[in-house]
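K.L.:
One structure, pasted below without further comment.
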Ligand code: GDP
Ligand code: MG
């Protein structure tokens, strides 16, 4: 766990279509995380199959890739203390019916196949996902004016 831990967060096509880009970004900003990279992308089927390669044997895999390929995705990297684990807490459980109110999925979704937002599940997968979605020069190094007010 470090102040510079990074996680990959992606607002899925349903989140973008439903106008949730602003509200989802606000949750990470308000918590004190620093935005390091951001882009709206439609990376295509092959890229999305790579992103979800671990799930390729699941019966819902083809549907998942079609869903992710159905519109633009807002891809982001957020940085801060315990960013991966806390990012998952902000996101809520995979199945929105099990997500607590106050989480992104618990407030904005009802169905596992339309759960509006992705977040890395470990530091290792965060590193892999960031490398898959962003070129190194797309990660912006900057000092947040808030830092001394967020961290002791
Ligand atoms: P996550 O890390 O919480 O996003 O969950 P997983 O990595 O296990 O699954 C990736 C994504 O696949 C989830 O966010 C869902 O959109 C989708 N998914 C997972 N399980 C199911 C399922 O049982 N049915 C359907 N239709 N989609 C699923
Ligand atoms: Mg996952």
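Numbering (the UniProt record's numbering), first residue to last: 1 to 152. All C-beta atoms, glycine included, are put in the ideal place defined by N, C-alpha and C.
What do you reckon, is the C-beta of residue 64 under 7 Å from a heavy atom of the ligand GDP?
P.N.:
Yes, Cβ of residue 64 sits closer than 7 Å to a heavy atom of the ligand GDP.
K.L.:
At what residues does the beta strand (DSSP E) containing residue 6 begin and finish?
P.N.:
Per DSSP, residue 6 belongs to the beta strand (DSSP E) from 6-11.
K.L.:
Would the region 104-111 count as touching the region 37-56 if we require 3 or more Cβ pairs under 8 Å?
P.N.:
As far as the Cβ criterion goes, the region 104-111 does not touch the region 37-56, which means the pair count is below three.
K.L.:
Between the region 13-31 and the region 80-99, are three or more C-beta pairs nearer than 8 Å?
P.N.:
Segments in contact, yes.
K.L.:
Rounded to a whole number of angstroms, what is the C-alpha to C-alpha distance between residue 95 and residue 114?
P.N.:
Their backbone Cα atoms lie some 9 Å apart in a straight line.
K.L.:
With distances taken from CA atoms, which of 117, 149, 78 and 76 is nearest residue 18?
P.N.:
Comparing Cα-Cα distances from residue 18 to each of 117, 149, 78 and 76, the minimum goes to 117.
K.L.:
Residue 94: beta carbon under 7 Å from a heavy atom of the ligand HEM?
P.N.:
Absence of the ligand HEM is noted for the structure shown, with the ligand GDP and the ligand MG being the only ligands found.
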